[in-house]
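All residue numbers for the sequence shown refer to my numbering, where the first residue is 142 and numbers rise by one. Where is the CB? At the ideal position from N, CA and C, for every residue including glycine.
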Amino acid sequence: MMEVKAVIRPNKLPALRAALMETPGFPGMTVCKVEGCSAPSKQGKTNIKDELTDYSAKVRIEIVCNAELAPSLMDKIVSICQTGQMGDGVVWCTPVPRAFFIAKSST
Numbered sequence: 142m143m144e145v146k147a148v149i150r151p152n153k154l155p156a157l158r159a160a161l162m163e164t165p166g167f168p169g170m171t172v173c174k175v176e177g178c179s180a181p182s183k184q185g186k187t188n189i190k191d192e193l194t195d196y197s198a199k200v201r202i203e204i205v206c207n208a209e210l211a212p213s214l215m216d217k218i219v220s221i222c223q224t225g226q227m228g229d230g231v232v233w234c235t236p237v238p239r240a241f242f243i244a245k246s247s248t
């Protein structure tokens, strides 16, 4: 199993959700509101005030899925969320050695 994580612009979430829901085998996702900033070398900040106040609202998405599905989910996230502007976000994948669904047992 793999975990696909992405940090994206909030306005891209509805289109991404719709596309992911249509993907065969999509297991669902967790969505969190987050804030972040780029590295100072990428932004070209000129003073400390700019560097300390440049946080922007983002959304983090987490999906645990089969290893075969992860590359296509990552490709879909990039294609839908990419605007070509600084701050579009980032997507990455990490292995998940074990995962369990938490559910009430039927006894």
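Item	Value
Entirely enclosed alpha helix (DSSP H) segments - the segment 142-221, minimum 4 residues	154-162, 181-184 and 189-193
Where V148 falls, given that 16 or more other Cβ within 10 Å makes a residue buried	buried
C-beta contact flag for Q223 and D216 at 8 Å	no
Cutoff 7 Å; reference V205; Cβ partners in own chain excluding five residues on either side	M142, E144, P168, V237 and A240
Inter-residue spacing [alpha-carbon to alpha-carbon] between L214 and E176	23 Å
Status (buried if at least 16 other CB within 10 Å, exposed otherwise) for K199	buried
As assigned by DSSP and simplified to three states, the class of G225	coil
Those residues which DSSP pairs with P236 across a bridge	M143
Status (buried if at least 16 other CB within 10 Å, exposed otherwise) for I243	exposed
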